[in-house]
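Report on the structure given below.
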Amino acid sequence: MIHSNRRVSIFDYDWVSIILFLILISIGVTSIYSTEYTNLKEVVYNNFYFKQIIWAIFSLFLIALIGFIPVRNFKNYASLIYLIVLFSLVLVLIFGAKINGNRSWFRFGSFGLQPAEFMKMAAVLGLAKLVTDIDFDITNIRDFLKASLLIMAPVILILLQPDLGSAIVFLALFLVLYREGVDLKYFLLLFTLALLFILTIYWGKEIMIVILIGIYFLINISSYFIFKKKIFVKSFLLLLLFSGMIFLTDIVFHHVLKPHQKNRIEIVLGKKKDDRGTGYNLKQGLIAIGSGGFTGKGLDMSTQTKGYYIPAQPTDWIFTVIGERWGFLGSITVVILFVMLLIRLLYLAERQKDKFARVVGYGVISIILIHFTLNLLMVLGLFPTIGIPLPFISYGGSSLWAFTLMLFIFLKLDAHRKETW
Amino acid sequence: MKQKSFVIGFFIILIGMIIGIRLFYIQIIDNEYKKLSYKNAIKKEYIIPERGYIYDRNGKLLVSNLQVYDIMGVPNQIKSFDTAQFIKYTGITLEDLKTNLSKAKKYSWNKASLIVPRLYKDEIALFAEKINEFPGFFIQKRAIRKYHTKSAANVLGFIREVNMKELKKDSFYIPGDLIGKAGVEKSYEFQLRGKKGIRYFLTDKFNRKIESYKSGKMDVAPEAGKDLKISIDIALQVFGDSLMSGKRGAIVALEPQTGEILALITAPTYPPEYLSGRNSSKNFNRLFRDKVNNPLLDRGLQGAYPPGSPFKLINALVGMQEGVITPQTSYVCNHGFYYGKKAHMFCHCGANGRKVHLPWAITNSCNTFFSKSYIKIIEKYSSAAEGLDHWSKHVKSFGLGSYLNTDLPVGSKGFIPDSKFYDRYYGKNKWYSTFTLSNGIGQGEVSTTPIQLANVMNIIANKGSYFTPHIIKEIDHGKYPIEKRLKTRRHTSIDSIYFDPVINNMANVYKRGTARYSRLKDIELCGKTGTSENKIRVEGKIISLPDHSIFVAFGPKENPKIAIAVFIENGGYGATIAAPIATLMIEKYLRGKITRTDLWNNIRNISLEDIYKMKYNDPQQ
Chain P
1 MIHSNRRVSI
11 FDYDWVSIIL
21 FLILISIGVT
31 SIYSTEYTNL
41 KEVVYNNFYF
51 KQIIWAIFSL
61 FLIALIGFIP
71 VRNFKNYASL
81 IYLIVLFSLV
91 LVLIFGAKIN
101 GNRSWFRFGS
111 FGLQPAEFMK
121 MAAVLGLAKL
131 VTDIDFDITN
141 IRDFLKASLL
151 IMAPVILILL
161 QPDLGSAIVF
171 LALFLVLYRE
181 GVDLKYFLLL
191 FTLALLFILT
201 IYWGKEIMIV
211 ILIGIYFLIN
221 ISSYFIFKKK
231 IFVKSFLLLL
241 LFSGMIFLTD
251 IVFHHVLKPH
261 QKNRIEIVLG
271 KKKDDRGTGY
281 NLKQGLIAIG
291 SGGFTGKGLD
301 MSTQTKGYYI
311 PAQPTDWIFT
321 VIGERWGFLG
331 SITVVILFVM
341 LLIRLLYLAE
351 RQKDKFARVV
361 GYGVISIILI
371 HFTLNLLMVL
381 GLFPTIGIPL
391 PFISYGGSSL
401 WAFTLMLFIF
411 LKLDAHRKET
421 W
Chain V
1 MKQKSFVIGF
11 FIILIGMIIG
21 IRLFYIQIID
31 NEYKKLSYKN
41 AIKKEYIIPE
51 RGYIYDRNGK
61 LLVSNLQVYD
71 IMGVPNQIKS
81 FDTAQFIKYT
91 GITLEDLKTN
101 LSKAKKYSWN
111 KASLIVPRLY
121 KDEIALFAEK
131 INEFPGFFIQ
141 KRAIRKYHTK
151 SAANVLGFIR
161 EVNMKELKKD
171 SFYIPGDLIG
181 KAGVEKSYEF
191 QLRGKKGIRY
201 FLTDKFNRKI
211 ESYKSGKMDV
221 APEAGKDLKI
231 SIDIALQVFG
241 DSLMSGKRGA
251 IVALEPQTGE
261 ILALITAPTY
271 PPEYLSGRNS
281 SKNFNRLFRD
291 KVNNPLLDRG
301 LQGAYPPGSP
311 FKLINALVGM
321 QEGVITPQTS
331 YVCNHGFYYG
341 KKAHMFCHCG
351 ANGRKVHLPW
361 AITNSCNTFF
371 SKSYIKIIEK
381 YSSAAEGLDH
391 WSKHVKSFGL
401 GSYLNTDLPV
411 GSKGFIPDSK
421 FYDRYYGKNK
431 WYSTFTLSNG
441 IGQGEVSTTP
451 IQLANVMNII
461 ANKGSYFTPH
471 IIKEIDHGKY
481 PIEKRLKTRR
491 HTSIDSIYFD
501 PVINNMANVY
511 KRGTARYSRL
521 KDIELCGKTG
531 TSENKIRVEG
541 KIISLPDHSI
551 FVAFGPKENP
561 KIAIAVFIEN
571 GGYGATIAAP
581 IATLMIEKYL
591 RGKITRTDLW
601 NNIRNISLED
611 IYKMKYNDPQ
621 Q
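Residue numbers (this note's numbering), protein chains in the order written: chain P, 1 to 421; chain V, 1 to 621.
This is the structure we're talking about:
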């Protein structure tokens with residue numbers, strides 16, 4: 001391998017992304033402070049905002065550490081990193097501390113680590129390594145399945161914890177496969193299956209099967225008489241697949257999902273009204289955001305936040321603080337900052353000559369995108385309540401470090417894009 | 001492959017836009033969340049203003065307020081505590097504590113409920129010191145009425161918690177508020193209650209106060225209730241109570257020049273503090289259920305009885321006004337009067353077959369004279385119906401037969417018949433003047449309340465006019481006007497010239513008539529005795545009970561200062577009990593003291609309880 005002699009300086013890092021990153025972290029610390037300022041603890045490091053500042057400072061060390069690691073090591077050790085972290089997911093199921101019925105944390109005294117958070121980065125690296133393999137052809141069904149397996153392995157392990165929110169995140173990596181050449185029709189197929197899932201829950205399997213068979217005959221008769229084409233066999237295969245999905249949904253919904261998970265889905269679908277139980281968070285969160293108005297209520301008048309109406313506010317529901325305190329202006333600013341960061345990363349990913357770097361870039365984009373999307377849709381009542389933090393803003397060390405690692409590994413690859421390695 | 005990055009870029013922006021639109025909708029278009037947030041977090045708290053004081057006509061304080069302390073508890077904040085200590089500090093029984101705690105839990109886990117009610121300052125001191133040992137409990141101040149008199153409960157009334165009906169009627173009240181339920185407390189509730197203040201608080205999801213909302217900028221300061229001066233002379237009222245011991249009935253004293261109620265005594269009664277303080281609910285139930293003594297009935301305002309002989313005065317006036325009699329008119333009275341076959345009205349005026357003139361008739365209460373006068377009034381017109389309606393109209397102009405509309409919340413119409421009443425009873429044109437003869441002597445269908453009779457005395461003292469009797473004298477030391485209707489002079493349909501003969505002969509009642517044993521030295525009084533028959537039905541048989549004793553009077557004769565009606569249930573002949581009571585009351589008011597203490601003691605010691613026991617010993621009890 002040829003190494004360029006040019007030393008990479010700090011100015012080769014993408015400063016637009018770094019500034020956006022810093023702004024988001026500052027917004028995060030400020031928002032966390034807002035949730036607790038009326039009830040600050042005497043010992044300063046017992047406060048969430050202070051801890052978050054410590055995590056943020058520590059993440060600067062992580063960034064420096066990434067800076068010192070030779071860039072080629074990320075690619076060389078990608079598979080190893082993937083396997084080690086995947087193994088830690090197995091270990092956490094055995095040795096993890098049980099918190100709120102989930103086994104997702106390693107506890108070291110008062111300090112905890114969540115391996116699922118680091119799995120996100122590991123999966124991105126592993127996938128990039130797999131896709132850049134010289135023999136790998138994404139359009140080949142066997143290689144596609146290989147990639148899918150790589151994505152699904154952590155999903156299954158995390159579902160065993162069980163942590164639905166963290167597991168769902170990995171599905172975003174299929175976006176990378178789309179970019180790398182998988183046909184859109186497969187995604188349309190996935191989308192149709194997702195739609196079937198929702199509609200089956202909504203209407204029940206019997207009605208869905210009747211509708212499906214109806215559509216099957218309608219399409220076949222029309223195509224036979226109008227287009228003079230016979231598509232009986234092909235469409236029958238689809239019919240079988242879709243019917244299978246309907247029955248699977250029925251089984252999953254009624255026998256696999258826990259009652260509280262079923263509740264959440266039904267509440268978002270509007271099948272159930274429940275302001276006291278699962279719907280309570282959602283309702284109080286919506287009240288906080290909705291009452292923010294255009295300019296927000298300000299720190300002192302944020303009554304929902306001050307009255308502790310929203311549980312888990314510093315973590316998954318942090319956006320409710322932003323909505324209430326800074327109103328539409330503040331909320332839309334945060335949304336725009338995220339969109340800017342994602343578009344910037346998209347631009348950076350596309351300028352990579354190296355396929356590995358590009359795949360890592362898309363991996364980082366898809367992971368941040370799905371967090372951002374699902375967290376906000378959840379908070380705004382458009383998606384069932386699942387535990388997904390808002391990147392860089394939600395309180396939590398593991399999550400902050402994982403996102404920082406992810407972002408800066410890619411920024412490092414980008415800084416070194418002119419080298420061949 | 002590059003164009004796929006545009007698809008992804010578009011997808012990212014699309015998600016941003018969906019989120020942006022949703023934000024725009026819930027934050028700017030939809031107002032519902034703002035309301036919900038307000039409802040969630042901002043709680044109102046009312047500051048109850050101090051209720052107005054009540055003074056008597058001479059400025060003596062009758063009712064003020066007393067700070068008492070309720071111990072409240074919030075169930076979800078109550079931790080296990082030492083009940084033995086709690087009982088020791090508060091004096092509550094274990095049983096009451098248990099029931100109150102379980103009631104509180106049933107009502108709400110987050111909201112405060114009453115655990116120990118109405119402790120006085122010295123009773124709460126120990127608990128207040130140790131309150132830290134009992135998390136979840138707090139002390140709430142509350143004002144109750146403090147009474148500086150043991151009398152006039154019927155006038156002052158009482159306050160109790162508002163009921164659902166009152167809550168619906170007036171949005172001023174919230175559950176737990178106190179409202180005047182009787183007497184002055186009820187009729188002047190609006191003046192006494194003042195205006196509530198409002199404090200706004202931020203609360204958290206456990207309904208705990210965090211801080212005042214907008215640093216109290218929106219708070220409203222309370223406005224204290226207005227003080228009232230009522231027309232009662234409390235010394236006279238207390239004196240009246242002493243006279244009524246052992247008796248049932250009422251004394252109503254009015255001031256003729258103004259219509260102010262000087263005393264309004266009902267017996268049996270209860271001390272006003274009985275319905276304040278810790279046991280008020282128990283006591284109220286006890287009073288309410290006592291249908292034998294009926295202490296909650298204000299007999300002065302509500303008791304409608306046949307007026308008896310005092311009613312003859314009205315008939316004399318109506319007769320003169322109608323021109324059917326003059327002061328010189330005379331009839332022969334021979335122990336009574338036959339007005340039909342076997343129909344005889346007995347008379348014990350003592351005329352014994354001589355001619356009777358108006359002076360004799362009034363002084364000695366001659367039934368014959370007034371029966372004949374009454375028949376003349378009715379028969380002046382072509383039909384009995386027309387005659388009776390004329391008579392009825394005159395009588396009603398004295399404020400009889402309908403509510404006087406005093407400014408006290410209760411009253412009774414009494415009854416003055418008109419032709420329609422007899423038409424219904426006998427059939428149209430099927431009755432004659434003699435059918436209604438007992439109206440002439442105040443028996444039979446007519447009934448009046450003691451305050452109506454006192455008002456009749458007012459009218460005679462004023463020679464034909466009166467002010468509606470009322471209890472209010474000043475509102476907030478004269479800063480607010482008294483209702484105009486109470487200050488408007490009302491006129492009867494009798495010309496004032498006809499009053500002099502009646503007044504002169506009422507003075508003779510004291511000089512040589514039925515009340516001569518009660519007369520006062522140096523002060524010339526006018527009065528009229530009455531004895532109202534009274535029969536009850538016991539096990540289907542009609543039993544005659546001792547008559548009701550009635551006396552009406554005013555004095556002094558020149559420039560009258562007090563008009564009075566006394567009604568003693570089963571007191572017998574009017575002159576024996578009612579007349580001395582009325583005279584003692586007048587003397588007490590005019591002189592401020594009693595010269596004939598022996599009479600006072602005699603009257604005080606008369607007890608009619610034995611008769612009442614007989615009366616209520618019927619199987620219904």
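Glycine residues also receive a C-beta, built at the ideal position from the N, C-alpha and C atoms. Since the structure is predicted, the reported quantities are computational estimates derived from the model, not experimental observations.
message = In whole angstroms, give me the CA-to-CA distance for N458/V and I416/V.
response = For the purposes of this step, residue 458/V is taken as residue 458 along the second sequence, with counting starting at 1. For the purposes of this step, residue 416/V is taken as residue 416 along the second sequence, with counting starting at 1. Each residue's Cα considered, the two are about 19 Å apart.
Nearest to G442/V (by Cα), restricted to the options S280/V, R354/V, T529/V and F11/V = Reading the second sequence from its first residue, position 442 is the one you call residue 442/V. Ranking the options by Cα distance to G442/V, first place goes to T529/V.
query = Where do the N-terminal and C-terminal ends of the beta strand (DSSP E) with Q67/V fall, by residue?
reply = Along the second sequence, one-based indexing puts residue 67/V at 67. Start and end: L61 to G73.
request  = Give every residue of the same chain whose Cβ lies closer than 7 Å to the Cβ of G414/V, excluding the five residues on either side of it in the sequence, and list them in chain order.
outcome  = Counting from one through the second sequence, the residue named residue 414/V turns up at place 414. For G414/V, where only same-chain residues beyond five positions count, the Cβ hits under 7 Å are A304, L400, G401, S447, T448, T449 and Q452.
Sheet register partners of V92/P (DSSP bridge) = Counted from its first residue, the first sequence places residue 92/P at position 92. V92/P pairs with nothing; no bridge assigned.
query = Does the stretch 44–63 of chain P come close enough to the stretch 20–33 of chain P that 3 or more CB-CB pairs lie under 8 Å?
reply = yes
query = Taking DSSP as the reference, what is the three-state secondary structure of T329/V?
reply = The count along the second sequence starts at 1 and reaches residue 329/V at position 329. Coil, per DSSP.
key: Test: F338/P CB closer than 9 Å to a CB of chain V   = The count along the first sequence starts at 1 and reaches residue 338/P at position 338. Taking Cβ atoms only, chain V reaches closer than 9 Å to F338/P, which makes this a yes.
ask   = Is it a yes or a no for the stretch 145–164 of chain V touching the stretch 99–113 of chain V, going by three-plus beta-carbon pairs under 8 Å?
value = no
inquiry  = Using beta carbons (cut-off 9 Å, strictly below), is K217/V in contact with chain P?
reply    = For the purposes of this step, residue 217/V is identified with residue 217 of the second sequence, where counting begins at 1. Judged by the 9 Å Cβ criterion, K217/V is not in contact with chain P.
query = CB S419/V to CB D389/V, shorter than 9 Å?
reply = Along the second sequence, read from residue 1 onward, the residue named residue 419/V stands at position 419. Along the second sequence, read from residue 1 onward, the residue named residue 389/V stands at position 389. Yes; because the gap between Cβ atoms is below 9 Å, this pair is in contact.
Cβ contact (3+ pairs, closer than 8 Å) linking the stretch 357–372 of chain V and the stretch 305–319 of chain V = yes
key: Distance cut-off 8 Å: G571/V Cβ against heavy atoms of the ligand HEM   = No copy of the ligand HEM appears in this structure; indeed no ligand is present at all.
request  = Report, in whole angstroms, the separation of the C-beta atoms of Y46/V and I144/V, which I expect to be a contact under 8 Å.
outcome  = Within the second sequence, residue 46/V is the residue found at index 46, counting from 1. Within the second sequence, residue 144/V is the residue found at index 144, counting from 1. So it is not a contact: roughly 17 Å between Cβ atoms.
message = With a threshold of 9 Å between beta-carbons, can R199/V be considered close to chain P, or not?
response = Position 199 of the second sequence, counting from 1, holds the residue named residue 199/V. Closer than 9 Å: no.
query = Is T203/V close to chain P, meaning its C-beta is less than 9 Å from at least one C-beta of that chain?
reply = Along the second sequence, read from residue 1 onward, the residue named residue 203/V stands at position 203. T203/V counts as touching chain P.
inquiry  = With a threshold of 9 Å between beta-carbons, can M301/P be considered close to chain V, or not?
reply    = For the purposes of this step, residue 301/P is taken as the residue at position 301 of the first sequence. Interface residue, yes.
query = Do the stretch 588–599 of chain V and the stretch 274–293 of chain V touch if we need at least three Cβ pairs shorter than 8 Å?
reply = no
key: Proximity of I365/P and L346/P at Cβ, strictly below 9 Å   = For this step, residue 365/P is matched to residue 365 along the first sequence. For this step, residue 346/P is matched to residue 346 along the first sequence. Contact flag set, yes.
ask   = Can you tell me the Cα-Cα spacing of L405/P and N73/P, whole angstroms?
value = In the first sequence, counting from the first residue as 1, residue 405/P sits at position 405. In the first sequence, counting from the first residue as 1, residue 73/P sits at position 73. Answer to the nearest angstrom: the Cα atoms are 14 Å apart.
key: Cβ shell of F338/P (< 7 Å), same chain only, five flanking positions each side left out   = Residue numbering aside, residue 338/P sits at position 338 when the first sequence is read from its first letter. So the qualifying residues of the chain are F372.
task = Could you confirm whether any beta carbon from chain V is found closer than 9 Å to the beta carbon of L149/P?
result = Counted from its first residue, the first sequence places residue 149/P at position 149. Not closer than 9 Å to any Cβ of chain V, the Cβ of L149/P fails to qualify, so no.
message = Below 7 Å on C-beta distance, what does N154/V contact in chain P?
response = Here the question's residue 154/V lines up with position 154 in the second sequence. Near N154/V there are no residues of chain P at all, since even the closest Cβ is about 50 Å away, more than 7 Å.
ask   = Exposed or buried, what is K495/V when buried is set at 16 or more other beta-carbons lying within 10 Å of its beta-carbon?
value = Your numbering for residue 495/V matches position 495 in the second sequence. For the record, residue 495/V in the displayed sequence is Asp; it is not Lys. Label assigned to D495/V: exposed.
message = What residue range does the beta strand (DSSP E) around A153/P cover?
response = Against the first sequence, residue 153/P aligns to sequence position 153. No beta strand (DSSP E) contains A153/P, which is instead part of the alpha helix (DSSP H) from I141 to L159.
Burial state of N102/P, where buried means 16 or more other Cβ atoms lie within 10 Å = As a working note, residue 102/P is residue 102 in the first sequence. Under this definition N102/P is a buried residue.
Counterpart residues of T266/V in DSSP-defined beta bridges = Position 266 of the second sequence, counting from 1, holds the residue named residue 266/V. Answer is A250/V, bridged to T266/V.
query = At a Cβ threshold of 9 Å, is A112/V touching chain P?
reply = On the second sequence, position 112 is the one that residue 112/V refers to. No, A112/V lies away from the interface with chain P (no Cβ there is under 9 Å from its Cβ).
message = Checking the sheet assignment: what are the DSSP bridge partners for T529/V?
response = Taking the second sequence and counting its residues from 1, the one referred to as residue 529/V is at position 529. According to DSSP, which records beta bridges pairwise, T529/V is partnered with F551/V.
query = If you draw a straight line from the C-alpha of M1/P to the C-alpha of F356/P, how long is it?
reply = Sequence index remark: in the first sequence, residue 1/P carries index 1 (1-based). Sequence index remark: in the first sequence, residue 356/P carries index 356 (1-based). Because M1/P carries a pLDDT of 42, less than 50, the predicted location of this residue cannot be relied on, and no value is offered for it.
query = Using a C-beta to C-beta distance shorter than 7 Å, which residues of chain P count as neighbours of Q77/V?
reply = Along the second sequence, read from residue 1 onward, the residue named residue 77/V stands at position 77. Within 7 Å Cβ-Cβ: nothing; Q77/V doesn't reach chain P, min ~15 Å.
task = Would you grab the beta carbon distance between N65/V and K146/V for me? Rounded to a whole angstrom, and I think it's under 8 Å.
result = On the second sequence, residue 65/V is found 65 positions in, with the first residue counted as 1. On the second sequence, residue 146/V is found 146 positions in, with the first residue counted as 1. Indeed, because the Cβ distance is near 6 Å, the residues count as touching under 8 Å.
ask   = Out of V379/P, I99/P and V71/P, which has the shortest C-alpha to C-alpha gap to E324/P?
value = Residue 324/P sits at position 324 when you count from the first residue of the first sequence. Checking every option, the nearest Cα to that of E324/P belongs to V379/P.
ask   = Can you name the residues of chain V whose CB is closer than 7 Å to the CB of T328/P?
value = In the first sequence, the residue the question calls residue 328/P occupies position 328. Reading off the sequence shown, one finds Phe at residue 328/P, where the question assumed Thr. The contacting residues are L23, F24, Q27 and I28.
Chain P contact for A304/V (CB, 9 Å cutoff) = Within the second sequence, the letter at position 304 stands for residue 304/V. It does not; no Cβ of chain P falls within 9 Å.
task = Indicate the three-state DSSP secondary structure (helix, strand or coil) for P117/V in the structure shown.
result = Mapped onto the second sequence, residue 117/V falls at position 117. Correct three-state label for P117/V: strand.
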